[in-house]
Every structure is written in C-alpha cells, then in structure tokens.
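Residue numbers (our numbering): 8 to 462.
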C-alpha cells in the first residue's frame, strides 16, 4: 500500500492477499530474478573477502582469572554479562552489546559525548569504524542533519580535504567497480531488438509539414536517438490545472499500453517528473502524439517555464515548511498562454517546500523555496541556478532578497519574466540573460513597490 503510509507494511499485504497467494507471488518473482545480475557469485565473494581479513587476534586461553573473579564478586557485572555478552568463535574473546535503552531515554538515542566514548572504545577493539560515522554531520538537530549544512559549517575547502582523505582510504577497496563486474552485469542488459530503418520517414516528414501542433510537440518533446529511424518521446505531465507530475490510474494504464506497442514495453521516469518512451520509431510518432493528446500528455512544454518541478510540499509531506503545489498551479495559470511560454524559450522553474530541496530549487534557473516565518508560509526566490548542462556547468542560484507570501508569488514571477523579456538579446535563454546582466535588474523590479518585511 503506497496510498497509506501506515499500511505500507509486508504484514499488511500478507494479510490482504493471504499467506498462500503472497508466497506464490514471491516464488514467481524469485523465478524471474534468480541467476540475474543481482546474483552473488563465488568469484565476487572471493574478490570482496580479500578486503575483510580478520583482526589480528592474540592467542589466549578461553578462561581468564580476573574475569571469573569479577563474575563471582560483582552481581551487577554478572547480570550484565549474562544479558549483554555473547560467546566468540576465537578463544579468549567475547562480543559485547551496548544497550541504548536506559529508562527515560528514547530507544536508540545517544549523545555526542557517548558516541565519542564508544568511538574511543572501538579504536581498541574495532579499528575505529564508529569514529568515521561519528566524524561528520549534525545529530543534535534533525533539520541540520544534511551534507550542505556540514559543508557550510566546515567550509567547502575543509570538507573537500576530508572527503579526499576518506577516498584515499577507500579507493581500490571492495566497493571498487571493476571492468569484470561491469562486463558481468552488462550481459543482462542487452539492447532492444531494433529494426534496421532509414533515418528519415516520409509519413513523419509529411505530418511535420502539415500539422503545426504536431511539429511544435516534436520540437519540444521529442529527442534524437542513437539508432537510425528511432526517437525518444517525453510525455509531459504538466498541463495547466494539474499538479506537476500527477497522473491518474487510467492515464498510467494508457501509457503502459503505449509502451508495449511502441517502446519495447519500457517506460522511464525523469527527475523532471515526466514520463519517457525511449525507443519509438519515427513512423509511429504521429500515432503516439494523437494518443498522448487524448490522455492529456501532449503539452509541448518540455524545458519551458510551465514544465515545473515541484515537491509534494505541505499538502502531503510532514517535513515541509510550506505548500508547493498551489504555487505551481498559480504560476501555471498566470502563464497559461502556450504561445507566450513557447516564445520565452528554455527556462527551468523548480519548487521545494523545505530545505531538503526535493524539488531541486537551488539548481533551477528560477527557484522557489518554502520557508516558515512565525508559523506562516513564505517563499524565498533564487535566480541563476543550473543543472550542469550549460557552458558554465552546475551552479547554485542566488537568493534575490526577502521572502514573499503565497499571494505575491504569481506577480513576482511576472516581474522576473518581464525583466528577462525586456533585457534579453536575440537568441538568449533566460540563463544567458541572467549571466549577462546579473541579479540586480531582477531584484530592482521585484522589490520596486514593496517594503521588505521578511528575511
């Protein structure tokens, strides 16, 4: 059950299906998976095992006089040994379980001082494995338990140096991906049985000339393919009035049918919250477009302003500071003239409801981050982010200034886009114009009639 987080448990599914039916389906899945790329071979076991040599145990007798004496003299110690100490395969050693379950403390909780102490003990007995875990990150504040918080606290330079030091320790270890392993797994991923086709198709070319809507869809939603006669199709899940990335069960059933008919039975999901049929014959593109139109999946807006990435936000997520979907819908409604959006060209707009950044707001040309201000939902705007496809590579956006209320956001977006339209030179994308003129003109326009009240 993925529609109810409280029932997303195997035991709930077993009860719903019956143990017999569940077991039958597991057996069927096992028949599909066994001897596949996930199979652990003896060769792989031998390769990894060499990196896990046993510790240098001392040769000891299996009894120790001082240990036996403490057992007899100290009842508390004896009780602890009975419950928390287990036998070891090597004479003279034992395995100790440290209980994190004292009364009045949440089960599993430990302070930084306690973890430092355990790390010191591990230096003696387990080669400091816990110290590596304890070295990084904030465990005193769940909202700051993020790599980006650590990078800011340490500085990028110091963080990079520590990562490099850790890499020197890890490289050529058991996690190294060898060519032999790549070759072993590759054999399970043979390419589809492509037909040998010419790279052009007469019917496809005719439809391009005769149907302007189809031609626009091809320009925005169809990508070249490495195999002649094929193309990759992106089905847009971003029509106006629909939450970005949403689809009904009827629509998903239809896409599954199209995948079987046109794309070797495969569907891909992009991080932009769209669906991709990766292997469509050019001669079938017009038929796919007509079917996509019938289900609302043919909006020609891939890479445009209304191709918004948005996390579920406060409507669904307990971590969110603010709602994301209503902001996305309001912006879509404000920019509902597809011809105008088309003329704007490539613009990425990403929305996150909290600093976890599931909507990738920080790498959007325009980014929106939901923030909490005294219990109210506000929105911080960034400009200039890039995913890494541009000449300058990946880049984080810059905050333009104080945050905005939800009601202000459509007007803010209008002012940002108006500044771009008035400033751009021929052929420039939004990010090109931003890179040329900087953040100041956008900031001046957005805050011209507003006295900032929130940081």
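Heads up, the beta-carbon is just placed ideally off N, CA and C, and yes, glycines get one too.
These figures come from a predicted structure and were not determined experimentally.
So for residue i, helix, strand or coil by DSSP?
i, result
"residue 412", "strand"
"residue 103", "strand"
"residue 90", "helix"
"residue 402", "strand"
"residue 245", "coil"
"residue 182", "coil"
"residue 258", "helix"
"residue 388", "strand"
"residue 393", "strand"
"residue 139", "Residue placement at residue 139 cannot be trusted, given a pLDDT of 34 that sits under 50; the coordinates are not used to answer."
"residue 95", "coil"
"residue 175", "helix"
"residue 434", "coil"
"residue 74", "helix"
"residue 440", "helix"
"residue 57", "coil"
"residue 366", "coil"
"residue 253", "coil"
"residue 167", "helix"
"residue 429", "helix"
"residue 213", "helix"
"residue 445", "coil"
"residue 305", "coil"
"residue 204", "coil"
"residue 226", "helix"
"residue 326", "coil"
"residue 30", "helix"
"residue 418", "helix"
"residue 19", "helix"
"residue 43", "coil"
"residue 66", "coil"
"residue 38", "helix"
"residue 83", "helix"
"residue 190", "helix"
"residue 342", "coil"
Give the C-beta separation of residue i and residue j to the nearest angstrom, bearing in mind that I take them to be a contact with Cβ-Cβ under 8 Å.
i, j, result
"residue 95", "residue 102", "6 Å"
"residue 320", "residue 280", "Not really, about 13 Å apart at Cβ, beyond 8 Å."
"residue 419", "residue 453", "6 Å"
"residue 404", "residue 366", "Incorrect: roughly 12 Å between the Cβ atoms, too far for contact."
"residue 91", "residue 104", "5 Å"
"residue 348", "residue 313", "6 Å"
"residue 305", "residue 243", "7 Å"
"residue 289", "residue 236", "6 Å"
Have a look at the DSSP bridge pairing and note the partners of residue i.
i, result
"residue 231", "238"
"residue 349", "DSSP output for residue 349 lists no bridge partner at all."
"residue 357", "316, 374"
"residue 383", "380"
Measure the C-alpha to C-alpha separation of residue i and residue j and round it to an integer number of angstroms.
i, j, result
"residue 210", "residue 218", "12 Å"
"residue 47", "residue 178", "22 Å"
"residue 79", "residue 85", "7 Å"
"residue 278", "residue 175", "32 Å"
"residue 232", "residue 241", "13 Å"
"residue 285", "residue 109", "55 Å"
"residue 413", "residue 118", "39 Å"
"residue 323", "residue 172", "40 Å"
"residue 238", "residue 40", "30 Å"
"residue 383", "residue 249", "25 Å"
"residue 443", "residue 200", "47 Å"
"residue 340", "residue 422", "15 Å"
"residue 445", "residue 254", "38 Å"
"residue 161", "residue 363", "19 Å"
"residue 387", "residue 184", "41 Å"
"residue 317", "residue 400", "23 Å"
"residue 268", "residue 227", "23 Å"
"residue 447", "residue 427", "12 Å"
"residue 189", "residue 44", "10 Å"
"residue 21", "residue 296", "41 Å"
"residue 415", "residue 156", "29 Å"
"residue 137", "residue 167", "Unreliable positioning characterises residue 137 in this predicted model, as indicated by a pLDDT of 33, which lies under 50. A coordinate reading is not provided."
"residue 395", "residue 25", "49 Å"
"residue 4", "residue 276", "Only positions 8 to 462 of the chain appear in this structure, which leaves residue 4 out of reach."
"residue 459", "residue 409", "Its pLDDT being 49, under 50, residue 459 is placed unreliably by the model, and the measurement read from it follows with that caveat. Going from the Cα of residue 459 to the Cα of residue 409 covers about 6 Å."
"residue 434", "residue 194", "45 Å"
"residue 1", "residue 34", "This structure does not reach residue 1, given that the chain is present from 8 up to 462, and the question cannot be answered."
"residue 135", "residue 263", "With a pLDDT of 29 at residue 135, under the threshold of 50, the modelled position of that residue is not reliable, and no figure is offered here."
"residue 375", "residue 260", "33 Å"
"residue 72", "residue 53", "40 Å"
"residue 351", "residue 208", "31 Å"
Practice prompt. Could you pull out every unbroken beta strand (DSSP E) segment of at least 3 residues lying fully inside the stretch 264–303, listed in chain order?
Written response: If only uninterrupted beta strand (DSSP E) runs of at least 3 residues are considered, those enclosed by the stretch 264–303 are 282–288.
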